[in-house]
Structures are given as C-alpha cells and as structure tokens.
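Per our numbering, residue 790 is the first one in the sequence shown, and the count goes up by one each step. Cβ coordinates follow ideal geometry from the N, Cα and C atoms, glycine included.
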Amino acid sequence: MKTITASHRWKQLERDVAAMFGGRRIHRQIDLLRRTFESAPDVQVDAGPYRFLVECKAWKKFTHHRLLRTCREKYCNRGETPALATRERNGRTYITVEADVFAELLQAAREVRDAKRLGARVAYPGARATA
790 MKTITASHRW KQLERDVAAM FGGRRIHRQI DLLRRTFESA PDVQVDAGPY RFLVECKAWK
850 KFTHHRLLRT CREKYCNRGE TPALATRERN GRTYITVEAD VFAELLQAAR EVRDAKRLGA
910 RVAYPGARAT A
C-alpha cells in the first residue's frame, strides 16, 4: 500500500486547483546550496479583469469547512449555494464558497471578458447600467 505524504498531498492539491480553475502552478526557485527558496503563491488564475493568486493548504481539518457544510445542511434547498462570510476583529471580510462554485464564477467572468473583447454589450446580474 502506497503511503501518501504531506508533500504529495499539497502538490496534488496545487495541480487539482490549477486544472479546476484554468490556472497554472507556480514553481518556486530553490537554491539548495544556500538553503533558500523564492516565495511565491501556489497557483495563478486569470479570469476577466481578475488575477487570482491562490495559496493552497491541505490540512486534515479546517473549522470553516465544517461551518460551510453546516450551512448547506441546515439552510440550503435544491439550487441554493452556501457561502461563509468571516471577519477577524477590525479586519477584512472574506467569503468562502465550494471550489466548483468558484470555478463557475471564474468561467462567467471569462465569458464576460471575451464578449467585451468582441465588442458585445454585456449585461449580467449586479451590473450597473452605463450610458
């Protein structure tokens, strides 16, 4: 039986995230003689006007995953999507959604970007009308 190491687990997560979101893994430069490495995010994803720099973490448990599952189980009906909003004291607000939902949002952003490149007027939910 093959043992999956922590290193293999996070590298596979990086590959999976890059594939799911249409991005690319960023490989770090490592200098073995000096025992230094270049700091960089794990995955880069370009979608519409956004460039996402993704840090991948593969740990055994995350509390916010449990909170998101609880939201789905307690409140979501068919066709509804759970999202978790979090904020540290005096900090920024973050939204967590499941990866497949984020992939769909990225695809929609790419479609809007491509339509605009072709000169089409694009209307999408939440857009403000422009004159």
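**Prompt:** Does the beta-carbon distance from Gly847 to Arg798 come in below 8 angstroms?
**Reply:** Here the question's residue 847 lines up with position 58 in the sequence shown. Here the question's residue 798 lines up with position 9 in the sequence shown. Per the sequence shown, residue 847 should be read as Ala rather than Gly. Yes; because the gap between Cβ atoms is below 8 angstroms, this pair is in contact.
**Message:** To test your reading of the DSSP string, which unbroken alpha helix (DSSP H) runs of 4 or more residues are found completely within the region 810-898?
**Reply:** You should have 852-864.
**Prompt:** Among Gln896, Ala888, Glu900, Lys905, which has the Cα closest to the Cα of Glu803?
**Reply:** Against the sequence shown, residue 803 aligns to sequence position 14. If we check each option's Cα against that of Glu803, Ala888 comes out closest.
**Prompt:** Helix, strand or coil: which one does DSSP assign to Arg910?
**Reply:** Working through the sequence shown from its first residue, we reach residue 910 at position 121. Reduced to three states, the DSSP call for Arg910 is coil.
**Request:** Output yes or no for whether 8 angstroms exceeds the beta carbon distance between Ala872 and Ile884.
**Result:** Taking the first residue of the sequence shown as 1, we reach residue 872 at position 83. Taking the first residue of the sequence shown as 1, we reach residue 884 at position 95. Yes, the pair counts as a contact, with Cβ atoms nearer than the cut-off.
**Asked** Closest to Lys800 by CA distance: which of Arg906, Cys860, Ala892, Asp831 is it?
**Response** Numbered from 1 along the sequence shown, position 11 holds the residue referred to as residue 800. Comparing Cα positions, the closest option is Asp831.
**Prompt:** Of the choices Cys865, Leu822, His816, whose alpha-carbon is the least far from that of Leu842?
**Reply:** Here residue 842 corresponds to residue number 53 of the sequence shown, with the count starting at 1. Nearest C-alpha to Leu842: His816.
**Request:** Compare the Cα-Cα distances from Ala836 to each of Ala909, His853, Arg813, Arg878 and report the closest residue.
**Result:** One-based indexing of the sequence shown puts residue 836 at position 47. With distances taken between Cα atoms, Ala836 lies closest to Arg813.
**Cβ neighbour criterion (16 or more within 10 Å) applied to Val834** = Reading the sequence shown from its first residue, position 45 is the one you call residue 834. Val834 comes out buried.
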